[in-house]
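**Student:** Below is a structure I'd like to ask you about.
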Amino acid sequence: MDLVVRLGLAVYAVCLWRNLAVVLWADDATGSVLTPEMVNRAHWIGLLQLAIAGMVLVPRLSLPAAAGLLTLFAIGVARFGPFYMIDYMFFVGLAIYVALGQPALRHQYRLASWRVSILTGGLSLSLMWTAVEKFLFPQWTIAVLLHHPGITAGFPFPFVATIAGFVEFSLSFYLLVGRAVLVRVAAVLLAGVFVMAMPEFGMVDVVGHIPVLIILVATLLQGETRLQQTLRGRAAGPWASSGAVLIRYLAVLAILMLLYYGLHALSVWAEGKAVPLNQFSLASVRPSRS
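The opening residue of the sequence shown carries number -10 in my numbering; numbering runs sequentially from there.
If you want it as structure tokens, here you go:
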């Protein structure tokens, strides 16, 4: 499984490097930071991506590779803002996973046993965050649907946005608390959603979803980890366990909605302080995504 994650990350980093494999959508003058839509023209970023692709394949270079991933994430925060980058917290999970693959750290069982848990947890939180966005700001999802009406199957745009948010949140939540079978089912269904979206959205999605699919494959192979066991808690009997999970589901949904709304308001306020009012718009706070 470790080899799958490392190979996937190496392929992804090479794809980002000077837009190799995504030239159908970009040109030689542009480059990507951490995902294809995060455009940056700095030449050294491409060199860093290429270095990461090589280092991540060598376990003894796990710490430098992880530092490279965190550097790209920090560049994204500086360029696009911390609120926007919350969507991509799973890259932090990937960096921690790679770092703990350093031979000196991997032999420490307490740390190594949490590697896949960190991967799964980071992706789950990122996906639940984007799901909450569909509830609070459905107009952002509807704006995407207007350009891709075929994926709505004829249903009203607001309905599709709400259902998409519910499905994404529920499956992501079960990545956190589900038992072995449910964790794997959630991973397969989420992977299916991302794969089915690729023909509609093109190469940007094909490349951009590589890290997500890597984590889902790792989750599928590993199944239940200490993360699910810890968050699910110990309840007496299946009915008690189901009740506890439902309470956690509602609590996590409420907390994330409050956090999202509060942090979004803060980001709008911060952007408004930095940008003249006549130039300010939501687009400047949150770049559009496919």
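Virtual Cβ for every residue (Gly too), placed ideally from N, Cα, C. On a predicted model such as this, the values are computed, not experimentally measured, just so you know.
Distance, Cα to Cα, isoleucine 75 vs serine 115?
**Tutor:** Counting from 1 along the sequence shown, the entry for residue 75 is found at position 86. Counting from 1 along the sequence shown, the entry for residue 115 is found at position 126. Going by the C-alpha atoms only, they are around 7 Å apart.
**Student:** From this set, Leu(-2), Gly181, Val174, Ala142, which residue's C-alpha is nearest glycine 212's C-alpha?
**Tutor:** On the sequence shown, position 223 is the one that residue 212 refers to. Of Leu(-2), Gly181, Val174, Ala142, the residue nearest in Cα terms is Val174.
**Student:** Please classify glutamate 189 as buried or exposed, where buried requires at least 16 neighbouring CB atoms within 10 angstroms.
**Tutor:** Counting from one through the sequence shown, the residue named residue 189 turns up at place 200. Exposed.
**Student:** When we look at the beta-carbon of isoleucine 199 and count the other beta-carbons within 10 Å, is it buried (16 or more) or exposed?
**Tutor:** In the sequence shown, counting from the first residue as 1, residue 199 sits at position 210. Isoleucine 199 should be labelled buried.
**Student:** For valine 81, report the span of its alpha helix (DSSP H) as first-last.
**Tutor:** Here residue 81 refers to the residue found at position 92 when the sequence shown is read from its first residue. Here the alpha helix (DSSP H) through valine 81 covers 79 to 88.
**Student:** Would you please state the rounded distance, in angstroms, between the beta carbons of methionine 246 and leucine 125? I believe it to be under 8 Å.
**Tutor:** In the sequence shown, the residue the question calls residue 246 occupies position 257. In the sequence shown, the residue the question calls residue 125 occupies position 136. That belief holds up - the Cβ atoms of methionine 246 and leucine 125 are roughly 6 Å apart, short of 8 Å.
**Student:** Does the beta-carbon of isoleucine 152 have 16 or more other beta-carbons within 10 angstroms, so that it is buried, or is it exposed?
**Tutor:** The residue you call residue 152 lines up with position 163 of the sequence shown. Classification of isoleucine 152: exposed, given that the 10 Å Cβ count is below 16.
**Student:** Spatial neighbours of serine 102 within its chain, please: C-beta separation below 7 Å, excluding the five flanking residues on both sides.
**Tutor:** By 1-based counting over the sequence shown, the position of residue 102 is 113. Only Arg215 meet the Cβ criterion.
**Student:** Using 8 Å as the threshold, is the C-beta distance between alanine 67 and valine 87 below it?
**Tutor:** Within the sequence shown, numbered from 1, the residue matching residue 67 stands at position 78. Within the sequence shown, numbered from 1, the residue matching residue 87 stands at position 98. Cβ distance not < 8 Å, so alanine 67 and valine 87 don't count as in contact.
**Student:** State the CB to CB distance for the pair glycine 57 and phenylalanine 79, rounded to an integer number of angstroms; the pair is presumed to be in contact (CB under 8 Å).
**Tutor:** Position 68 of the sequence shown, counted from the first residue, corresponds to residue 57. Position 90 of the sequence shown, counted from the first residue, corresponds to residue 79. The Cβ separation is near 16 Å, so there is no contact.
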